[in-house]
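Chemist: For the record, the sequence lines run as chains Z and V.
The numbering used here puts the last residue of the first sequence at 338; the count rises by one with no breaks.
The numbering used here puts the last residue of the second sequence at 180; the count rises by one with no breaks.
Please find one structure pasted underneath; my questions will follow.
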Amino acid sequence: MKFLESLYIKVFVSIVVEKEASDVYISIYSKNKLIDSYEESYDTNSIDEKMISFIKSYTKETPYFYISILDNSKNQGAIPTCSKNLMSNYHDMSESTHKCQNSQWTHFTSKNDLYDIERKYQDIGIDFIFSPFSVLSNFFKDKIDGPIGVFVLLQGESISLSVFENSELIYAQHLDMNIIQDTEEFETIDTVQDIMMEGEDDGIDLDSVEADEEMDSLDDFGDIEDLDDLDDIDDFDKTEDVEEEFYQESDGVPEQESEETFNEDYQRFTHIQKSIHNFYEDSNYDSEFLENIYIADAVGVTSELKRYFEEELFMNVYIRQIALTTEVSELAVSEVLT
Amino acid sequence: MKYSYIAPRTKTVFTPEVKLMLTFFSITIFMLLSTYAFLLFKEYTFLSDLKSIQKSQSQLQTDLSKMKDDIVFIQKENDLAKSIQTKNLVLKDSITNLFDLVPQRITLSQAKLDTNSLVLYGITPNKDIYNFMLGAPLRSIFHRTYSSFYPVGNGWLRFVSTNYTDDDLPTLEGEADNEN
Chain Z
1 MKFLESLYIK VFVSIVVEKE ASDVYISIYS KNKLIDSYEE SYDTNSIDEK MISFIKSYTK
61 ETPYFYISIL DNSKNQGAIP TCSKNLMSNY HDMSESTHKC QNSQWTHFTS KNDLYDIERK
121 YQDIGIDFIF SPFSVLSNFF KDKIDGPIGV FVLLQGESIS LSVFENSELI YAQHLDMNII
181 QDTEEFETID TVQDIMMEGE DDGIDLDSVE ADEEMDSLDD FGDIEDLDDL DDIDDFDKTE
241 DVEEEFYQES DGVPEQESEE TFNEDYQRFT HIQKSIHNFY EDSNYDSEFL ENIYIADAVG
301 VTSELKRYFE EELFMNVYIR QIALTTEVSE LAVSEVLT
Chain V
1 MKYSYIAPRT KTVFTPEVKL MLTFFSITIF MLLSTYAFLL FKEYTFLSDL KSIQKSQSQL
61 QTDLSKMKDD IVFIQKENDL AKSIQTKNLV LKDSITNLFD LVPQRITLSQ AKLDTNSLVL
121 YGITPNKDIY NFMLGAPLRS IFHRTYSSFY PVGNGWLRFV STNYTDDDLP TLEGEADNEN
């Protein structure tokens, strides 16, 4: 059978669903080498005839094709244990399915959402469903084995946030921007607009900005005035990831932003900020100070987001562009070919 | 599975299309093999029949040859029989002629007819009657004729006439020997 298998090419189809669009990436492997790849985008968050036709035009060439999809369930996450006894401390797994990673941490998702995905794509069939946390850990595999840091995957409708230290998951949370937006959208936008309007007059007067819950949380990080010891500042500098900064400068992050992207970036910032606040507050986790944040950007954030983290959370921000479809495809390849 | 929540579907090269193709190939190969086996069987039976026929042919040829020999032998026998018949007829005629030769006055008591000889025993009143009436014709028929007389009590003579011919008549045994 292995001999017969080696005679065929292998086709990996990866699907990433974003808001009202779906990206389909097809990579073709022959003898474990990538020989070709194709990508198409469709204006649907489900599956339509064109997408089926596009996928089947490649999958019909070989019986060895694998269709993978990135899980976009709202009820997913990751926890820092593989022990079934300890899982309940973090999440009720009765309605979820989970997968242990490196015998150290576990990512989980809703069983019903998995069934929904399989039912939705039953015309083409699904072979792999990957968690964004798998994508994140794989994408930053060169960084998660280092000192503690926040690793964030930014998607159109969700944010996957995790904290790793020496390849060990400390904390993770999957944030659905739509759900939180419903309750906080207006308040958030008003606050941002207030800041912008006041800034236009005579600079930002921090005292005049009304302190909301998010702003209060900044107090937990300590007052800037408390940082009177210059040695502490030097310690911060030592934690900077010089190599990552170099790559980031060469990649570049868009400077110009529209009002829409500005709002979205601020929303993302507030969500991440709230999640980090939870990390500090939750007694389940050791509240170690987070200095570096690595962002895998799949949506195209602006430099404003970076500025928020630097100015308001005093974090070193490193943004890498990520092609989610390619990353999902790489996970599928590693499942099959290794 | 290291990362995925679900395991991939089983992949096999035996897709429905391949299965259909293999089915057709299998049927075709089966039919070809069946035909080949049938042809092998027919060839075997043909060769077997051929051997049988060749054996039969050989037997028939042997029989034919034997029959030809028999025919030749029978023909020769027929010829011989005809020859003998002819000779017998000739002999019969000769005997008839012989008894016709014997005059009224001479009485034959015994006659020995051999292949190339004739021995006559009888009584004659005298030698002249014998010489003129019987000896003369005998001499004309046979190449060598010998006569001897001895007297009987009443004056008559008992005679013994031995006659030979030099031309040997063919005999059956002699013919058979010549054939071989």
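Built from N, CA and C at the ideal position, the CB exists for glycine as well.
Determine whether the Cβ of V/T15 lies closer than 7 Å to any Cβ atom of chain Z.
Modeler: yes
Chemist: Once the 5 residues before and after Z/V11 are set aside, which same chain residues still bring their CB inside 6 Å of it?
Modeler: I28, Y58, T59, T62, F65
Chemist: When DSSP labels each residue in this structure, what does Z/V301 get in the three-state scheme?
Modeler: The answer is coil: DSSP assigns Z/V301 none of H, G, I, E or B.
Chemist: If I measure Cβ to Cβ from Z/V150 and keep anything under 6 Å in the same chain, skipping five residues before and after, which residues do I get?
Modeler: Cβ neighbours of Z/V150 within its own chain (closer than 6 Å, five residues either side excluded): V163, L290, I293.
Chemist: If you follow the beta strand (DSSP E) that Z/S96 is in, where does it begin and where does it stop?
Modeler: 96-101
Chemist: What residue range is occupied by the uninterrupted alpha helix (DSSP H) comprising Z/N20?
Modeler: The sequence given here has Glu at residue 20 of chain Z, not Asn. Note, Z/E20: premise wrong, no alpha helix (DSSP H); not H, not E.
Chemist: Does the beta-carbon of V/T15 have 16 or more other beta-carbons within 10 angstroms, so that it is buried, or is it exposed?
Modeler: Exposed: under 16 other Cβ atoms inside 10 Å.
Chemist: Residues of chain V with CB closer than 9 Å to the CB of Z/K99, please, in chain order.
Modeler: M1, K2, Y3, S4, Y5
Chemist: For V/L160, name the three-state secondary structure that DSSP assigns.
Modeler: Rather than Leu, the amino acid found at residue 160 of chain V in this sequence is Val. In the structure shown, V/V160 sits in a strand (DSSP, three-state: E or B).
Chemist: Got a sec: which bits of the stretch 127-144 of chain Z sit with their beta carbon under 8 Å from any beta carbon on chain V, in order along the chain?
Modeler: Per Cβ criterion, the list reads D127, F128, I129, F130, S131, S134, N138.
Chemist: Per DSSP, what kind of secondary structure is Z/H107 in: helix, strand or coil?
Modeler: strand
Chemist: Tell me where the alpha helix (DSSP H) around Z/K56 begins and ends.
Modeler: Note, Z/K56: alpha helix (DSSP H), 49-59.
Chemist: Using a Cβ-Cβ cutoff of 8 Å, what residues of the stretch 32-64 of chain Z are near chain V? List them in chain order.
Modeler: Against chain V - using a Cβ distance shorter than 8 Å - the residues of the stretch 32-64 of chain Z are P63, Y64.
Chemist: Checking contacts by CB at 7 Å: is Z/E327 closer than that to chain V?
Modeler: Not an interface residue.
Chemist: Can you check DSSP and say which residues form a bridge with V/K112?
Modeler: When DSSP reads this structure, V/K112 sits in a beta bridge with V/V119.
Chemist: If we ignore side chains and look at the alpha-carbon of each, how far apart do Z/S167 and Z/K143 end up?
Modeler: 8 Å
Chemist: Answer yes or no: does any C-beta atom of chain Z fall closer than 7 Å to that of V/K11?
Modeler: yes
Chemist: Kindly list, in the order they appear in chain V, the residues whose Cβ is closer than 7 Å to that of Z/Y66.
Modeler: P8
Chemist: Please classify Z/M177: is it buried, with 16 or more other beta-carbons within 10 angstroms of its beta-carbon, or exposed?
Modeler: buried
Chemist: Expressed to the nearest angstrom, what Euclidean distance is found between the alpha-carbon atoms of Z/Q76 and Z/V317?
Modeler: 25 Å
Chemist: With a CB to CB cut of under 7 Å and the five nearest residues on each side skipped, what residues in its chain are close to Z/D36?
Modeler: I28
Chemist: Does the distance from the CB of V/Y3 to the CB of Z/S83 come in under 7 Å?
Modeler: No, the pair does not count as a contact, with Cβ atoms beyond the cut-off.
Chemist: Under 7 Å Cβ to Cβ from Z/K271, same chain only, skipping five residues before and after it: list those, please.
Modeler: The sequence shown places His at residue 271 of chain Z, not Lys. Result list for Z/H271: I159, L175, M177, I180, in chain order.
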